[in-house]
Amino acid sequence: MQEISWQDEHIRKGFAAIGQTSPFVYGLTNYIAANLSANVLLAVGAGPAIGAASDWTRTFPAGAGGVWINTAGLMSSSEESFTEVARTAQAAGTPWVLDPVAVGAGAAEYDAFVKSLLQYRPSIIRGNASELIALGGGAALGKGVETTASSSDAVGAIVEIAKATGAVVAVSGPVDYITDGTTTVAVPGGDARLTRVTGAGCSLGAFAAAALAAGNEPLLAAQVAHAAYAAAAERAGARTKGTGEFAVALVDELSLLSA
Amino acid sequence: MQEISWQDEHIRKGFAAIGQTSPFVYGLTNYIAANLSANVLLAVGAGPAIGAASDWTRTFPAGAGGVWINTAGLMSSSEESFTEVARTAQAAGTPWVLDPVAVGAGAAEYDAFVKSLLQYRPSIIRGNASELIALGGGAALGKGVETTASSSDAVGAIVEIAKATGAVVAVSGPVDYITDGTTTVAVPGGDARLTRVTGAGCSLGAFAAAALAAGNEPLLAAQVAHAAYAAAAERAGARTKGTGEFAVALVDELSLLSA
Amino acid sequence: MQEISWQDEHIRKGFAAIGQTSPFVYGLTNYIAANLSANVLLAVGAGPAIGAASDWTRTFPAGAGGVWINTAGLMSSSEESFTEVARTAQAAGTPWVLDPVAVGAGAAEYDAFVKSLLQYRPSIIRGNASELIALGGGAALGKGVETTASSSDAVGAIVEIAKATGAVVAVSGPVDYITDGTTTVAVPGGDARLTRVTGAGCSLGAFAAAALAAGNEPLLAAQVAHAAYAAAAERAGARTKGTGEFAVALVDELSLLSA
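Chains as they are written, first to last, in this note's numbering: chain H, 1093 to 1351; chain R, 1093 to 1351; chain C, 1093 to 1351.
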């Protein structure tokens, strides 16, 4: 399997497109991850807006260059608003990212709603191993929003999901894997503390939407986001010890990547 | 046009009043900015409460010394709760700040609701250039919550809004401008990274409410908040490189301003 | 009165159990404190999920090892969802923590709802002095979410509440006090800046739920959380000046406590 990294020319070029186009990226997400997600987007050069405020759900998905939907956002917005954002994005031709947080963790109604969004054809689906194994029909159960499986366990599942949905599918873990159902690449690196910073995975989904909004095809957009995130995490990890400073340094390093 | 700064005696005196009175400041805001807004208020010596929990909307605006309303908070609370807070603040004589996030960005129903709050007579209205040009009836469109215009482009608009509403109006940008419709002052300084920290503008609106709550008149209160913010941002900018550490240092420097 | 601290063997042992069991902890909380609360839980080795998303409220309280309910979360979720989480936790035998934020601050309907949750028998109740004096039937009024009384003023009230409810009750302040109605211990230390970091108290309630989830009895679990928090706050305080860096260092030091 091919390995990709921040050192690769095509990754840096795809990343630079975000800063060059300053795309407007709109998302529905949960309020735990919303602040970090917006700061990650601002750090990499995108202009984020978040939330189902009034008719934003009907207007922003069409005006945005990319959209992300993190279904844990159901904690403060209605299913209707999620469906409207997904449907409007599809109708407007705005590429969008689905982040099915905690799918497969035991909440059957929630899981069913998450799966109903697949009909609006996300360009990228991202999650952790437990979530993607569950989304692929497997039995692995998450523990709340945490995974109990490793990313390498999910490679078969992500290929299946990609084939079934037409989306690029990316799983986060010690090594990230990204596939369009035919080509699968590995993104090594990062830092184990990414699993101890709340919203770090959710923010990666937002980042992938920014990479799409900058004009990258889904397979490249996912690679750009994952490889840049891994590089920033490594740099952040090298200069911090605990998880508090690591989280701050992660945003910091993302904002300095383009320099 | 007169320039004001943190070096000015009347600004420092107006700021010191916050620490001396520890005012209770209540706000409705969006969940992206809520954490930073509360930390900014605590840093400058105020006691914040945020959110439309149960009958807080009917009781806290009257008990508070100042209120701020950030309309992007419609993402998790009803229009009724926003109207109730604005109406109750006006009825109780509690001065309040309106922050019309993303007005003019293309969501017509949202925009109409934002404008409906003007009937409850905010003491201060703050925003970025695109928002205030749109609120003043101009055609400039924002890109989500980001501005596509510079603050100097909005000086005419803020004077018009001040005359029409009786509020003090403040626009954030490379230079901030504040007007009561007759006197207009400029607040230079700050740091360009303020536009790359989510909620930095929203938190400035909260800060202005704290300055009101400490007993400052609206024109002074807005100046106190903007000038202190600019000074803290400059100090934070001088000791950090990326946006992650800048955001932390901004709160840090605000908490150290009084010392 | 006995004083306990992070130096005590039984405290360290109770804390180590969290890292050893990595318990799933589920909470409903307010969106101001949600991010910090999740990061505190991840720092100490627990796996958090937060929010009333779809049927999470019916399924997660049973699957979790511990639950916490911060009633300020009513700002974005319904009373029904709070009641459902409390009732489901009790029915499943999942120990849970009640954090009655701002009770007694003047919002009578809110206060009545908070008290209605006592029927589901929380294992631990935590708050600041004003909140617990009010919960115990006293007249002391908070100023929004801030206390106007000192923790030592609340010792009588927490003993009364413990006797009346069967819960362990903990009050935060310059010295924290924890009681089961019979035994009362004091936890000195910490840092005054804890009162200037939004959500610091809320996150301590989440931490107590993690200590419960790791199998500690309520009286020990509350001591573990409060003593570890005080130690981390002292270490964070020793290496920072302002409130921004202190907040980051607090999470950092919690993540390094086990090392």
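Here a beta-carbon is modelled for each residue, glycine too, at the ideal position from N, C-alpha and C.
Classify residue i as helix, strand or coil using the three-state DSSP reduction.
i	result
T1276(R)	strand
A1141(H)	strand
A1262(C)	strand
V1159(C)	strand
G1297(H)	helix
K1235(H)	strand
D1245(H)	helix
I1096(R)	coil
L1349(C)	coil
Y1123(C)	coil
G1219(H)	strand
D1189(H)	With the sequence shown as reference, residue 1189(H) is identified as Val, and Asp is not the correct amino acid for it. Correct three-state label for V1189(H): strand.
T1240(H)	coil
Taking 8 angstroms as the CB-CB limit, is residue i close to chain R?
i	result
W1160(H)	no
Y1118(H)	yes
E1223(C)	no
A1317(H)	no
A1145(H)	yes
G1329(H)	no
E1238(C)	yes
Pull up the distance between the alpha-carbon of residue i and that of residue j, whole angstroms please.
i	j	result
G1293(C)	D1100(H)	45 angstroms
T1239(C)	A1199(H)	38 angstroms
A1284(H)	M1093(R)	53 angstroms
R1150(H)	E1176(H)	7 angstroms
I1217(R)	R1179(R)	16 angstroms
S1169(R)	A1145(H)	9 angstroms
V1340(R)	V1289(R)	10 angstroms
A1254(H)	G1119(H)	22 angstroms
A1183(R)	F1107(R)	26 angstroms
E1223(R)	A1154(H)	20 angstroms
P1187(R)	L1304(R)	7 angstroms
A1324(H)	D1268(H)	15 angstroms
V1277(R)	G1165(R)	29 angstroms
G1258(C)	R1213(C)	8 angstroms
A1249(C)	I1225(C)	5 angstroms
P1140(H)	G1236(R)	7 angstroms
Please check if any C-beta of chain C sits within less than 8 angstroms of the C-beta of residue i.
i	result
A1324(H)	no
A1226(H)	no
G1219(R)	no
Name the chain H residues that come within less than 8 angstroms of residue i, Cβ to Cβ?
i	result
W1148(C)	M1167, A1194, A1199 and Y1202
V1343(C)	G1334, T1335, G1336 and A1339
K1207(R)	None at all; the shortest Cβ gap to chain H is about 12 angstroms.
Applying the 10 Å Cβ sphere with the 16-neighbour rule, what's the burial state of residue i?
i	result
S1243(R)	buried
G1219(R)	buried
T1274(C)	exposed
E1252(C)	buried
E1172(C)	exposed
A1328(R)	buried
S1208(R)	exposed
K1105(R)	exposed
P1280(C)	exposed
H1318(H)	buried
Output yes if chain D places a C-beta closer than 8 angstroms to the C-beta of residue i; else output no.
i	result
N1127(C)	No chain D appears in the structure shown, which is made up of the protein chains H, R and C.
List the residues of chain H whose Cβ lies closer than 7 angstroms to the Cβ of residue i, in chain order.
i	result
I1142(C)	I1124
A1164(R)	G1143 and A1145
G1258(C)	The premise fails here: G1258(C) is roughly 28 angstroms from chain H at the closest Cβ pair, so nothing lies under 7 angstroms.
Does any C-beta atom of chain H lie closer than 8 angstroms to the C-beta of residue i?
i	result
L1348(C)	yes
K1235(R)	yes
E1176(R)	no
E1075(R)	With chain R covering only 1093 through 1351, there is no way to say anything about residue 1075(R).
G1139(C)	yes
G1293(C)	no
Which chain R residues sit within Cβ distance under 7 angstroms of residue i?
i	result
G1185(H)	Going along chain R, no residue has its Cβ under 7 angstroms from G1185(H), so there is no contact; the nearest lies around 17 angstroms.
A1298(C)	Ordered by position in chain R, no residue passes the 7 angstroms Cβ test against A1298(C), which lies about 15 angstroms from the chain.
Determine the chain C residues that contact residue i at a beta-carbon separation under 8 angstroms, and present them in chain order.
i	result
V1289(H)	N1131 and L1134
G1355(R)	Any property of residue 1355(R) remains undetermined from this structure, which presents chain R solely from 1093 to 1351.
What residues of chain R sit near residue i, judged by a beta carbon separation below 9 angstroms?
i	result
G1282(H)	In chain order: nothing, as chain R lies at least about 17 angstroms away.
Name the chain C residues that come within less than 7 angstroms of residue i, Cβ to Cβ?
i	result
T1151(R)	G1198 and A1199
G1155(R)	G1198
So does residue i have its beta carbon nearer than 7 angstroms to some heavy atom of the ligand FMN?
i	result
K1207(H)	With respect to small molecules bound, the structure shown includes none, and the ligand FMN cannot be examined in it.
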